[in-house]
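These protein sequences, in sequence, are chains V and S. The first sequence begins at 12 in my numbering and counts up by one. The second sequence begins at 258 in my numbering and counts up by one.
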Amino acid sequence: MGAGHSAGGISAAYVAGDSPVHRLEPHTKLVAVVAFALVVVTTPVQAASAPVAYAGFLALVLGVAAVAGVRAARLARSLLVELPFVFFALLLPVVSGGPRVQVLGLSLSEHGLWTGGGLLAKATLSVLAATVLAATTEPRALLRGLQRLHLPQVLVQILMFMVRYADVVLGELRRMRVARESRGFRPRHVGALRVLGPAAGSLFIRSYERGERVHLAMLSRGFTGRLPTGPPPVVGARSWATALTLPLAAAVVLGTSSLLL
Amino acid sequence: MHVPDGFLDTTTSLSTAAVAAVGVAAALRGARHELDERTAPLAGLTAAFVFAVQMMNFPVLYGTSGHLIGGALTAVLVGPWTAVLCMTVVLMVQGLLFADGGLTALGTNVTLMGLVAVAVGYGVFRALVAVLPRTRAGLLASAGVGAFLSVPTAAMVFVGLFSLGAVADVPLGTVATYMGGVHLLIGLGEAAITVAVLGAVLAVRPDLVRGARHLQAAVALAPRAHPAPAVPTGSDAR
Chain V
12 MGAGHSAGGI
22 SAAYVAGDSP
32 VHRLEPHTKL
42 VAVVAFALVV
52 VTTPVQAASA
62 PVAYAGFLAL
72 VLGVAAVAGV
82 RAARLARSLL
92 VELPFVFFAL
102 LLPVVSGGPR
112 VQVLGLSLSE
122 HGLWTGGGLL
132 AKATLSVLAA
142 TVLAATTEPR
152 ALLRGLQRLH
162 LPQVLVQILM
172 FMVRYADVVL
182 GELRRMRVAR
192 ESRGFRPRHV
202 GALRVLGPAA
212 GSLFIRSYER
222 GERVHLAMLS
232 RGFTGRLPTG
242 PPPVVGARSW
252 ATALTLPLAA
262 AVVLGTSSLL
272 L
Chain S
258 MHVPDGFLDT
268 TTSLSTAAVA
278 AVGVAAALRG
288 ARHELDERTA
298 PLAGLTAAFV
308 FAVQMMNFPV
318 LYGTSGHLIG
328 GALTAVLVGP
338 WTAVLCMTVV
348 LMVQGLLFAD
358 GGLTALGTNV
368 TLMGLVAVAV
378 GYGVFRALVA
388 VLPRTRAGLL
398 ASAGVGAFLS
408 VPTAAMVFVG
418 LFSLGAVADV
428 PLGTVATYMG
438 GVHLLIGLGE
448 AAITVAVLGA
458 VLAVRPDLVR
468 GARHLQAAVA
478 LAPRAHPAPA
488 VPTGSDAR
């Protein structure tokens with residue numbers, strides 16, 4: 012449920028730029044962001060040092076975002092995807108057991124407060140890191156990165172076709188909506204399914220037929236089942252070290268905060 | 258319903274990632290039987306369709322709207338293996354480009370919305386198709402029930418994972434009731450949208466619905482009752 016995903020489509024995720032973060036090889040960035048998320052996830056929720064660690068992680072991510080020139084508004088907007096799980100996290104202090112504390116006249120579980128807060132903090136930090144990755148890496152470069160990380164060839168190809176045509180299909184969807192609404196259609200109740208169902212159905216037929224046409228066009232241009240790519244650029248220890256600064260710093264933050272407190 | 262990072266512990270995330278990897282590997286082999294060498298473009302475009310249709314808001318009950326998740330619908334349209342690939346690809350793009358669903362939770366999300374939802378949706382669909390009358394209405398009812406059940410089942414599997422992979426002391430019953438209740442409603446919306454979309458495709462291009470192959474009878478070539486009109490010539494031709 013909810014309002015769906017980003018309204019701008021695939022191409023809206025990337026923000027062109029020439030920062031050091033933009034220039035990193037995509038697969039090193041992917042590894043770095045996943046490693047950072049792993050460090051964040053492994054932070055023990057119940058430890059007294061957890062809030063300090065979260066603050067440290069937040070400073071790190073915001074630092075990288077500043078270097079990459081990702082705007083604050085973009086970061087804030089990306090947090091909207093969390094909303095369904097915010098309700099879930101808010102429920103935890105109410106339903107959890109254990110000792111209870113009074114907050115604003117509500118009797119809340121102390122354990123649940125730590126858990127819910129920890130979940131929200133972790134989810135937020137990971138969303139911020141993933142947003143920096145998406146904003147500084149072109150979708151196609153991201154897929155090349157996945158290919159270098161040995162994702163199966165067929166899966167990479169499916170991803171390439173999806174990323175290439177998602178905006179085309181979204182454009183068709185938008186034109187259908189404009190056509191419906193310019194004829195006075197307003198979706199108000201379940202009866203609207205009689206109009207929207209066929210719209211989605213014809214979107215499927217158009218997409219599938221486009222897939223068939225694309226395949227024939229590729230065959231006529233000599234497609235053999237592999238998409239030609241140039242030799243992958245050599246990535247030295249230096250660029251790996253630059254990319255892995257983020258997860259390593261996060262690990263240091265986690266280590267120091269648990270030692271000090 | 259995308260699980261973000263941090264909701265499940267590292268062990269559970271890694272275990273579900275292993276399950277997802279095995280499932281996707283099996284789907285990569287299985288999809289070859291469904292789409293032969295056209296797998297990449299057709300699955301890619303179907304995934305683009307799923308991605309787009311998830312952004313379409315359908316009014317479900319007065320004042321609320323929902324969007325399709327699409328596991329069961331895609332399985333009936335293009336076959337279960339291809340559906341698993343499409344859902345996986347959609348979840349990857351949402352996680353990588355829109356931070357929707359955590360990167361360490363990608364395995365969990367693929368397991369829930371790719372494997373579980375498609376397996377339950379398609380399994381129930383096939384079981385009902387075998388029992389119900391072999392008509393268009395029977396097919397749509399089967400797909401609707403499959404789509405309805407796929408959503409709460411995936412939610413219950415999430416609750417199970419949450420009980421395994423999260424901190425203890427959260428009363429499981431309450432979480433299960435909350436998640437189950439919410440997802441029963443979402444499942445109703447999913448069923449309504451699935452039936453509406455599937456009915457529309459069946460009306461126009463029944464040959465594209467893989468799950469409806471048993472409804473198609475081979476049409477034998479038959480002589481026309483009346484001779485065909487004369488072929489237009491000269492100025493008639495356009």
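In this text, a Cβ means the ideal position worked out from N, Cα and C, and glycines have one as well.
Could you pull the start and end residues of the alpha helix (DSSP H) that residue i belongs to?
i         : result
Ser22(V)  : Taken as a continuous stretch (DSSP letters only), Ser22(V) belongs to no alpha helix (DSSP H), as it is neither H nor E.
Ser89(V)  : Ala83 to Ser89
Ser120(V) : It is not in any alpha helix (DSSP H) - Ser120(V) instead sits in the beta strand (DSSP E) that spans Leu117 to Ser120.
His440(S) : Leu429 to Val461
Gly222(V) : Leu204 to Ser231
Thr256(V) : Thr256 to Leu271
Gln158(V) : Pro150 to Arg159
Thr39(V)  : Pro37 to Thr53
Thr522(S) : Past the boundaries of the shown model lies residue 522(S); chain S is included only from 258 to 495, so the question cannot be answered.
Ala344(S) : Checking the displayed sequence, the identity of residue 344(S) turns out to be Met instead of Ala. Looking at the DSSP string, the run of the alpha helix (DSSP H) that includes Met344(S) is Pro337 to Phe355.
Glu183(V) : Gln164 to Ser193
Below 6 Å CB to CB, which residues in the same chain sit around residue i once its five sequence neighbours on both sides are set aside?
i         : result
Tyr65(V)  : Ala132
Val276(S) : Thr368
Output the distance between the C-alpha atoms of residue i and residue j, rounded to the nearest integer angstrom.
i         : j         : result
Gly208(V) : Ala457(S) : 6 Å
Val367(S) : Thr361(S) : 11 Å
Leu372(S) : Gly380(S) : 11 Å
Ala274(S) : Leu478(S) : 52 Å
Gly333(S) : Ala248(V) : The sequence given here has Val at residue 333(S), not Gly. Between Val333(S) and Ala248(V), the C-alpha separation is close to 48 Å.
Ala411(S) : Leu94(V)  : 19 Å
Ala460(S) : Leu397(S) : 12 Å
Pro104(V) : Pro337(S) : 40 Å
Leu285(S) : Asp262(S) : 26 Å
Pro243(V) : Pro428(S) : 51 Å
Thr147(V) : Arg237(V) : 27 Å
Ala425(S) : Met229(V) : For Ala425(S), the pLDDT reaches just 48, beneath the cut-off of 50, and the residue's location in the model is therefore unreliable, although a value from the coordinates is still provided. When rounded, the distance between both Cα atoms is 54 Å.
Leu472(S) : Arg391(S) : 7 Å
Pro31(V)  : Val206(V) : 49 Å
Thr235(V) : Ala254(V) : 35 Å
Ala43(V)  : Leu102(V) : 32 Å
Ser22(V)  : Phe355(S) : 11 Å
Leu385(S) : Ala283(S) : 25 Å
Glu220(V) : Ser269(V) : 57 Å
Gly327(S) : Ser399(S) : 15 Å
Leu119(V) : Arg88(V)  : 30 Å
Leu130(V) : Gly430(S) : 20 Å
Quick check: is the beta carbon of residue i nearer than 9 Å to any beta carbon in chain V?
i         : result
Pro316(S) : yes
Glu294(S) : yes
Ala275(S) : no
Pro390(S) : no
Pro409(S) : no
His290(S) : no
His259(S) : yes
Gly378(S) : no
Ser272(S) : no
Val341(S) : no
Leu302(S) : yes
Ala448(S) : no
Thr368(S) : no
How about residue i: is its C-beta nearer than 9 Å to some C-beta of chain S?
i         : result
Thr53(V)  : yes
His33(V)  : no
Leu130(V) : yes
Thr142(V) : yes
Gly212(V) : yes
Val75(V)  : no
Arg159(V) : no
Pro258(V) : no
Phe99(V)  : yes
Arg221(V) : yes
If you drop the 5 nearest sequence neighbours on each side, which residues of the same chain put their C-beta closer than 7 Å to that of residue i?
i         : result
Ala134(V) : Glu93 and Phe96
Val57(V)  : For the record, residue 57(V) in the displayed sequence is Gln; it is not Val. Here the set comprises Trp125.
Leu226(S) : The question about residue 226(S) has no answer here: the residues shown for chain S are numbered 258 through 495.
Thr269(S) : Leu418, Leu421 and Gly422
Val215(S) : The structure shown does not extend to residue 215(S), since chain S is modelled only from 258 through 495, so no value can be given for it.
Leu257(V) : Ala43, Phe47, Leu71 and Val75
Excluding the 5 residues flanking residue i on each side, which residues of the same chain have their C-beta closer than 8 Å to its C-beta?
i         : result
Ala433(S) : Met413 and Val416
**Study point:** the region 160-174 of chain V / the region 331-349 of chain S touching (three or more Cβ pairs under 8 Å)
**Key:** With the cut-off at 8 Å, the region 160-174 of chain V and the region 331-349 of chain S touch.
Check your understanding: So does the region 137-146 of chain V actually touch the region 67-76 of chain V, counting three or more Cβ pairs closer than 8 Å?
Key -> Enough Cβ pairs lie closer than 8 Å, so yes.
Exercise for review: Taking 8 Å as the threshold, find out whether the region 446-457 of chain S comes into contact with the region 413-420 of chain S through three or more Cβ pairs.
Suggested key: The region 446-457 of chain S, when compared against the region 413-420 of chain S, does not touch it at the 8 Å Cβ threshold.
Check your understanding: Three or more C-beta pairs closer than 8 Å, one from the region 169-179 of chain V and one from the region 46-58 of chain V: is that the case here?
Key -> Touching, no, given that fewer than three Cβ pairs across the two stretches are closer than 8 Å.
Check your understanding: Touch check for the region 179-187 of chain V and the region 295-315 of chain S: three-plus C-beta pairs under 8 Å?
Key -> Look at the beta carbons and you see the region 179-187 of chain V touching the region 295-315 of chain S: at least three pairs across the two are nearer than 8 Å.
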